[in-house]
Structures are given as structure tokens and as C-alpha cells.
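> I'd like to ask you about the structure that follows.
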Amino acid sequence: MMVPVRCFTCGNVVGEHWEEFDERANQGDEDPQKVLDELGVDRYCCRRMLVSHTDLVDVVSPYQ
8 MMVPVRCFTC GNVVGEHWEE FDERANQGDE DPQKVLDELG VDRYCCRRML
58 VSHTDLVDVV SPYQ
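Numbering-wise (this note's numbering), the sequence shown opens with residue 8 and increments by one.
Structure representation (C-alpha cells):
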């Protein structure tokens, strides 16, 4: 799995929020906007990094 570590635009560290965001928003039934608000991710660019991230490692490298 590749975790987005830093925001490409502003350079803030977003990797520390990825696991909780992924569990609650992507794999759960919670609204991503509310999850990001609760995690304290306020900047639009950082929010975009977390919402738009797609894990392609399994698709690109299917052989382990």
C-alpha cells in the first residue's frame, strides 16, 4: 500500500491522517467531509490529496 505522505501543493504532512480516513470514509459509511473536519484537515489541497488518492500498487504490481 502506498500512503500519501505529503500534500503535493503545500507540503503539509497528510500521511498521519490516512489510516483513520481510509477506515472511516473509504471503507465505512461516514461522509468524507465530516471525517476530514474531525481529523482537522482544513486546507483544500490537503483534503483533495486524501479524497482523490487511489491505491494502485495492487493493480500495477500484481505479483508479490
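Quick reminder that beta carbons are idealized off the backbone N, C-alpha and C, glycines included.
Taking contact to mean at least 3 C-beta pairs separated by less than 8 Å, is the segment 52-62 in contact with the segment 15-22?
Segments in contact, yes.
> In whole angstroms, what is the alpha-carbon distance linking L43 and V10?
So the alpha carbons of these two residues sit roughly 16 Å apart.
> Could you check what DSSP says for V42 in three-state terms: helix, strand or coil?
Residue state, collapsed to three classes: helix.
> Does the Cβ of F15 have 16 or more other Cβ atoms within 10 Å, making it buried, or fewer, making it exposed?
Exposed, because fewer than 16 other Cβ atoms sit within 10 Å of the Cβ of F15.
> Any idea which residues DSSP pairs R13 with across the strands?
According to DSSP, R13 bridges with V20.
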